[in-house]
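Contents: one structure, followed by commentary.
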């Protein structure tokens with residue numbers, strides 16, 4: 001199978017490295033002009049040239065290395081080639097407000113949160129959440145942001161102006177800080193036939209907001225918790241039909 005990957009960074013390269021032993025071939029469409037993947041056919045996208053058409057001519061289907069992609073481009077691609085995950089999935093995954101709305105719709109518990117559009121609203125949200133029992137709050141940009149970027153921890157409303165300026169986005173989500181013991185994650189794959197495969201739960205270790213390593217399978221992790229994670233995935237999959245790879 002000839003697979004196209006939107007994005008040509010380290011994640012795309014690792015995806016291709018996993019696929020080559022299966023006999024797949026890969027082409028990359030770089031949208032950043034800063035490609036690092038060098039193990040396949042690379043196209044650099046520009047609205048002024050034919051790179052997109054050339055890229056699509058080389059592939060049977062398309063996927064992407066991460067969610068920070070321009071939706072108009074992805075929609076154009078989806079009209080011409082099978083795209084996995086879907087445009088609908090990308091619209092949710094690249095927007096924290098949409099993610100929270102989906103979780104609320106599916107009744108998946110999340111930390112208490114507010115949506116704000118100014119430094120004053122950020123201060124008010126901080127005050128409300130801390131009055132409700134939060135020891136601190138985390139403000140995050142609605143879109144973009146990773147490896148600790150686009151977010152700030154506030155321990156009082158007086159820090160709102162500086163945090164707003166530092167994040168530099170017009171709309172933020174403000175969450176009650178969760179004093180967690182550890183972070184775990186699970187990868188699941190749902191095929192077009194409906195078959196689902198779960199990978200072992202992994203424990204993620206961060207330093208200053210940046211993932212350093214993941215340990216899998218998690219030691220001393222209960223089968224009950226694993227089953228709960230799998231049930232949550234199946235609930236999302238059946239209720240919204242979005243997690244299709």
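Residue numbers (full-length UniProt numbering): 1 to 245. Just so it is clear, CB atoms sit at the ideal spot from N, CA and C, and this is done for glycine as well.
Check	Outcome
With H, G and I counted as helix, E and B as strand and the rest as coil, what does DSSP make of residue 44?	strand
I need the DSSP call for residue 19, collapsed to helix, strand or coil.	helix
Hey, is the stretch 229–236 in contact with the stretch 185–197, meaning 3+ C-beta pairs nearer than 8 angstroms?	yes
For residue 143 and residue 54, I'd like the C-alpha separation in whole angstroms.	30 angstroms
Could you tell me if residue 10 is buried or exposed, where buried requires 16 or more neighbouring beta carbons within 10 angstroms of its beta carbon?	exposed
Hey, how far is the Cα of residue 203 from the Cα of residue 235?	22 angstroms
Does the beta-carbon distance from residue 2 to residue 38 come in below 9 angstroms?	no
For residue 42 and residue 8, what's the separation of their Cα atoms in angstroms?	8 angstroms
Report buried or exposed for residue 100, applying the criterion of at least 16 other Cβ atoms within 10 angstroms of its Cβ.	buried
Give the DSSP bridge partners of residue 190, in chain order.	196
Can you tell me whether DSSP reads residue 37 as helix, strand or coil?	coil
Quick check on residue 253: buried or exposed, where buried means 16 or more other Cβ atoms within 10 Å of its Cβ?	This structure cannot speak to residue 253, because the chain is shown only from 1 to 245.
Between which residues of its own chain and residue 87 is the CB-CB distance below 8 angstroms, once the five residues before and five after are set aside?	71, 74, 75, 78
With 16 as the cutoff for other CB atoms within 10 Å, does residue 18 come out buried or exposed?	exposed
What residues are listed by DSSP as bridge partners for residue 61?	3
Shortest alpha-carbon distance to residue 129 belongs to which of 174, 224, 50, 31?	174
Counting only the same chain and skipping the five closest in sequence on each side, list residues whose C-beta sits under 8 angstroms from that of residue 82.	60, 61, 62
So for residue 173, helix, strand or coil by DSSP?	strand
In the DSSP output, which residue or residues are listed as bridge partners for residue 155?	BP columns for residue 155 are empty, so no partner.
Please tell me whether residue 200 has its Cβ less than 9 angstroms away from any Cβ of chain C.	In the structure shown, chain C does not exist; there is a single protein chain.
Let me check one thing: in DSSP terms, what residues is residue 30 bridge-paired to?	44
Using DSSP bridges, identify the partner residues of residue 206.	211
Excluding five sequence neighbours on each side, which residues of the same chain lie with their C-beta closer than 6 angstroms to the C-beta of residue 201?	184, 186, 218, 221, 226
Alpha carbon to alpha carbon, what distance is there between residue 66 and residue 12?	8 angstroms
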